[in-house]
Amino acid sequence: MILQKKTTNTMNIQTYISLILWLCTAVYLIVTSTYVQKTNQITAQDSKQKTTTTTTNLERTRRSVCSCAACNGGRRTMASRIPFGAARKVMNFLKLASQGIKFTYRRKGLMYCKNGYILKIMKDGVVGGTTQYTDGLSNIEFQSVGISLLVIKGVTSQRFLAINEQGDLYTTQIYNKDCVFEEKQEENFYHSFVSHRYKNKGWFVALRRNGQIKKTTVLQKATQFLILFSS
């Protein structure tokens, strides 16, 4: 009888210990699974915030690099999704070039001579100088035709400025090789324009102190112009 009682007590103790261990294991599993779920939720939120921040930064970078309409407006093409303005502009250029579109860089402004006169091209073809900034005949359009090469055209007169082989300034309504000039920026930030066709002779666009055109091959005040671009 004594042995039976001892055996029964021992079995009861083992049963209790097993129950306690099972309960501890269950509690541990529940706590661990809850902690893992919360950790995954926090990680997902952080990843989403980082992705949003990165996208916002890329968008800000794109807008700060390029503010043109092609970059900020219109539908989002493959080029507009690139966060770098230079690469996007190149792709837009290649896309348009593949369509056979020719590009010419054009700007409008005034040619202010260092002598104090503004170059003007009159409708009758006469080239001279004026001191009136509001003179419509002094509005000039600069058309780029190559590296440091441009064409000078009167906006009102619709005539091209040109230099012949003798160095005489004249204007023409028909574009020809005499109309191409090499633009050079001097050390004082003034610009000089020399004939590209007769560059071996070095004929400059120049204005005298009285506003009349001047024929010269020497770099001087009469050949230096400050370009005042219009907005």
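With this note's numbering, letter number 83 in the sequence shown gets 1033, and the count goes up by one each step, no holes.
Note that the Cβ used here is the ideal one computed from N, Cα and C, for glycine as well.
Item to check | Leu942 to Phe1110 span [Cα, whole Å] | outcome: Past the boundaries of the shown model lies residue 942; the chain is included only from 951 to 1181, so the question cannot be answered.
Item to check | Candidates Thr1166, Ile1097, Gly1059: closest to Glu1115 by CA position | outcome: Cα-wise, what sits closest to Glu1115 is Thr1166.
Checklist entry - Are the beta-carbon atoms of Lys1182 and Gly1117 separated by less than 8 Å? => result Residue 1182 lies beyond the range of the chain shown here (951 to 1181); nothing can be said about it.
Item to check | Boundaries of the beta strand (DSSP E) in which Glu1132 is found, first to last residue | outcome: Here the beta strand (DSSP E) through Glu1132 covers 1130-1135.
Next on the checklist: Can you find the residues in the same chain that come closer than 8 Å, C-beta to C-beta, to Leu1169, ignoring five residues on each side of it along the sequence?
Outcome noted: Counting only residues of its own chain and dropping the five nearest sequence neighbours on each side, Leu1169 has a CB closer than 8 Å to the CB of Glu1136, Ser1142, Phe1154.
Checklist entry - What separation, rounded to the nearest whole angstrom, lies between the Cα atoms of Thr1080 and Gly1086? => result If you take the alpha carbons of Thr1080 and Gly1086, they lie about 11 Å apart.
Checklist entry - Would you call the CB atoms of Leu1099 and Val1130 closer than 8 Å? => result Taking a C-beta distance under 8 Å as the contact criterion, Leu1099 and Val1130 qualify as a contact pair.
Next on the checklist: Which residue wins for smallest C-alpha separation from Asn1126, given the options Arg1057, Phe1139, Gly1059, His1146?
Outcome noted: Of the candidates Arg1057, Phe1139, Gly1059, His1146, the residue whose Cα lies closest to the Cα of Asn1126 is His1146.
Next on the checklist: As a quick exercise: from Ile1102, Arg1158, Tyr1083, pick the residue whose alpha carbon is nearest that of Arg1057.
Outcome noted: Residue Ile1102 is the option with its Cα nearest to Arg1057.
Checklist entry - Would Glu1091 pass as a contact of Val1105 if the rule is Cβ separation under 8 Å? => result In this structure, Glu1091 sits near Val1105, with a CB-CB distance shorter than 8 Å.
Checklist entry - Taking only beta-carbon atoms, is Arg1109 less than 8 Å away from chain D? => result Chain labels in this structure do not include chain D; a single protein chain is all it has.
Next on the checklist: For Gln1162 and Lys1064, what's the separation of their Cα atoms in angstroms?
Outcome noted: Straight-line spacing of the CA atoms in Gln1162 and Lys1064 works out to 13 Å.
Checklist entry - Which value, in whole angstroms, describes the spacing of the CA atoms of Tyr1140 and Asp1128? => result For Tyr1140 and Asp1128, the distance between alpha carbons rounds to 23 Å.
Checklist entry - Quick one: is Thr1173 buried, meaning 16 or more other Cβ sit within 10 Å of its Cβ, or exposed? => result Result: buried.
Item to check | Reduced DSSP secondary structure (H/G/I, E/B, other) of Leu1178 | outcome: Residue state, collapsed to three classes: strand.
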